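Chemist: Numbering-wise, our numbering puts 46 at position 54 of the sequence shown, and it's gapless, one number per residue.
My structure is below; once you've seen it, I'll send some questions.
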Amino acid sequence: MKIDCEAKCDVINDLLPLYQEGLLSEASVELVEAHLKTCGACKKEADTSINDAASLKSYENIEGNEAAATRQGDIETFKKIRKKITLGKVKGILLAVLGSLVMAILIITYLTAPNYLPYNEERVGIIEGSDNKVYLEFGEDVAGYDIHPYENDAGDGVEYRISTWDNLWSSVFPRRSSSMIVLNPEGENLSTIFYYTTDGQPDQVIYGTNPYPNGGSLTLPRLALNYYVILAAFCFLIALIFWKLFRKQGIRRFFEVAAMFFGSYVLSHGMLHGLSATTYSILRDFTEIMLLSVTIFMILLILRKVLVANKKQ
């Protein structure tokens, strides 16, 4: 049976999609290619189909790339949001921990604040050993003590100034036994022991001879905390001035952090000691102030980061 030209073109057009996909048999491929060489209309139709298929494939690739880029952008945005939420939670936890630490330092300082005690023999007992050593026995009501050795004026021995105290903690949880220490473990010559209080009364000789027969001695409080807080306040003001003067961000940030550090010390001193700057135990009081000031300084640093991050949003 012969196929007319128009019908043959219809058959070839039906076979073109299979031909382009490479699904025809070898004989059918030869038939299609032979026809395309002699039929311009079918050749044009085949070229158009190939271009449409290529365009469709290119469009699908572009659409797929855009979809992939969109998904990647969504993932990156989600990661940024999750990171920001995580950092916010970490900062919140740190602030809570540091705030609790501030409260703990204040409570411990209040509970252990020394209340200096007057002298009596039951509170401070003196025992002389056979080896020339001198022992101090403290009563159950003594929560702590200060002992300061000095070389005597004659230069042939050591004199001591001691004091004792209790505090709110010891009144709630009293000690169950006395304690004892040795003043001269190497057997050095111990000339005098003075007992001092913080009420402005002269020091009391509780052992040995008074090296001041025409008068007495008075133990005065240390003023070092006064110098420290004045120095910190001065540095705080200087840092604020330079922070205002400079416009470069790096320099401003340095003086801003410096102002926070020195301001934290001034604030801590005020919280622990108020307007008083005298102390009979400089090491204990300075350590408490530094612990509180470092904690407050860390809180200020975190708050600063939070404020800067909020301004950038």
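Built from N, CA and C at the ideal position, the CB exists for glycine as well.
For clarity, every value in this text was computed on a predicted model and none was experimentally measured.
Going by DSSP, what residue range makes up the beta strand (DSSP E) through GLN196?
Modeler: That run of the beta strand (DSSP E) goes 196 to 200.
Chemist: May I ask you to verify whether the stretch 100 to 116 touches the stretch 157 to 171, counting CB pairs closer than 8 angstroms and requiring at least 3?
Modeler: Verdict: yes, contact present.
Chemist: Which word fits MET172, buried or exposed, when buried means at least 16 other C-beta atoms lie within 10 angstroms of its C-beta?
Modeler: Looking at its Cβ environment, which holds fewer than 16 other Cβ atoms inside 10 Å, MET172 is exposed.
Chemist: Once the 5 residues before and after MET252 are set aside, which same chain residues still bring their CB inside 8 angstroms of it?
Modeler: Only PHE289, LEU292, LEU293 and ARG296 meet the Cβ criterion.
Chemist: Would you give the residue range spanned by the beta strand (DSSP E) that TYR152 belongs to?
Modeler: Residues 150 to 158.
Chemist: Could you pull out every residue in the same chain whose Cβ sits closer than 8 angstroms to the Cβ of THR287, ignoring the five residues on either side in sequence?
Modeler: If we look at THR287 and ignore the five residues flanking it on each side, its Cβ neighbours are LEU90, LEU93, VAL94 and ILE97.
Chemist: With a threshold of 16 other CB atoms inside 10 Å of the CB of TYR204, please say whether the residue is buried or exposed.
Modeler: With fewer than 16 Cβ atoms within 10 Å of its Cβ, TYR204 is classed as exposed.
Chemist: Indicate the three-state DSSP secondary structure (helix, strand or coil) for SER171 in the structure shown.
Modeler: Of the three classes helix, strand and coil, the one that applies to SER171 here is strand, per DSSP.
Chemist: Quick check: the Cα distance between ILE222 and SER169, rounded to an integer number of angstroms?
Modeler: Cα to Cα, the separation comes out at about 42 angstroms.
Chemist: Reducing DSSP to helix, strand and coil, say where ASP145 ends up.
Modeler: ASP145: coil per DSSP, three-state reduction.
Chemist: Among MET263, PRO177, LEU87 and ILE243, which one has its Cα closest to the Cα of TYR127?
Modeler: Residue PRO177 is the option with its Cα nearest to TYR127.
Chemist: Can you look up ARG239 in the DSSP assignment and give me helix, strand or coil?
Modeler: Reduced to three states, the DSSP call for ARG239 is coil.
Chemist: Specify whether the stretch 232 to 247 and the stretch 273 to 287 touch according to this definition: at least 3 beta carbon pairs, one from each stretch, less than 8 angstroms apart.
Modeler: Flag = no, the stretch 232 to 247 and the stretch 273 to 287 do not touch.
Chemist: Among THR101, HIS27, GLU132 and ALA146, whose alpha-carbon lies nearest the alpha-carbon of ARG115?
Modeler: The residue with the shortest Cα to Cα distance from ARG115 is GLU132.
Chemist: Spatial neighbours of TYR199 within its chain, please: C-beta separation below 8 angstroms, excluding the five flanking residues on both sides.
Modeler: Hits under 8 angstroms: ILE118, VAL126, LEU182, THR184 and ILE185.
Chemist: Mind checking whether PHE246 and CYS227 have CB atoms under 9 angstroms apart?
Modeler: No, Cβ-Cβ distance for PHE246 and CYS227 is not below 9 angstroms.
Chemist: Give me the Cα-Cα distance between ASP39 and HIS27, rounded to the nearest whole angstrom.
Modeler: Roughly 14 angstroms separates the two Cα atoms.
Chemist: Please confirm whether THR279 and PRO213 have their CB atoms less than 9 angstroms apart.
Modeler: Not a contact, by the Cβ cut-off of 9 angstroms.
Chemist: Take GLU37 as the anchor and find which of ASN5, GLU22, GLN12 and GLU18 has the nearest alpha-carbon.
Modeler: Taking only the C-alpha atoms, the option nearest GLU37 is ASN5.
Chemist: Name, in chain order, the residues that DSSP records as bridge partners for TYR272.
Modeler: DSSP lists no partner for TYR272.
Chemist: Any idea if LEU299 is buried or exposed, counting beta-carbon neighbours within 10 angstroms, 16 or more meaning buried?
Modeler: Classification for LEU299: exposed.
Chemist: Between the C-alpha atoms of PRO141 and ASN124, what's the straight-line distance to the nearest angstrom?
Modeler: Cα-Cα distance, rounded: 17 angstroms.
Chemist: If we count the other Cβ atoms within 10 Å of its Cβ and call it buried at 16 or more, is SER17 buried or exposed?
Modeler: Exposed: under 16 other Cβ atoms inside 10 Å.
Chemist: Output needed for ARG167: all residues of its chain with C-beta closer than 6 angstroms, excluding positions within five of it in sequence on either side, in chain order.
Modeler: Only GLU132 meet the Cβ criterion.
Chemist: Write down the C-beta distance between ARG153 and TYR102 rounded to the nearest angstrom, noting that I regard them as a contact closer than 8 angstroms.
Modeler: With 8 angstroms as the limit, ARG153 and TYR102 do not qualify as a contact, their Cβ atoms being about 27 angstroms apart.
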